[in-house]
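In our numbering, the protein residues as written are 613 to 764.
Below: one structure, written as structure tokens.
The structure is reproduced here in structure tokens:
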């Protein structure tokens, strides 16, 4: 008999030994604490973490480029302020993962990027970008007044 087979007990019934949770894939990362397992929307693999990090790095690079060059003249979406927003957003999410991976290794997972903060978070980001684009389209000079820019 191998070690995984049920062993008969004294009363004749068989009992299985409980084994700790094992990830289904050898490349899947498994946080040590069961309460910190990912919610299952994204596969918790190094490949997925690499893909997310690559996408966040690309958003950061493009946002930084648009910010540094001062935006693209005549473009509604390539404004330096929107570039700064995108670069800051990408940096925040990557930094959350990096801090968790560096200082809290047992709890690191694909959810450490904090990209699935719930519908309210996604709505807030979408509304912020929509508000910027609507203001930029209908009132392009609105944010050029020093008082308005300082107030927000």
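Glycine included, every Cβ here is placed at the ideal spot set by N, Cα and C.
Keep in mind it's a predicted model, so treat the numbers as computed, not measured.
- Looking at the backbone, the Cα of residue 736 and that of residue 743 are separated by about 10 Å.
- For residue 736, the three-state secondary structure derived from DSSP is helix.
- Taking 8 Å as the cut-off, the Cβ atoms of residue 672 and residue 696 do not count as close.
- Nearest C-alpha to residue 752 among 688, 674, 668, 677: 688.
- In the DSSP assignment, residue 659 falls within the alpha helix (DSSP H) that extends over 658-680.
- The beta carbon of residue 747 lies closer than 8 Å to those of 754, 755 in the same chain, with the five residues before and after it left out.
- Taking residue 727 as the centre and dropping the five residues before and after it, the same chain places the C-beta of 664, 705 closer than 8 Å to its C-beta, in chain order.
- Rounded to the nearest whole angstrom, the CA to CA distance from residue 682 to residue 674 is 12 Å.
- The C-alpha of residue 707 is placed about 13 Å away from the C-alpha of residue 720.
- Rounded to whole angstroms, residue 750 and residue 659 show a C-alpha spacing of 43 Å.
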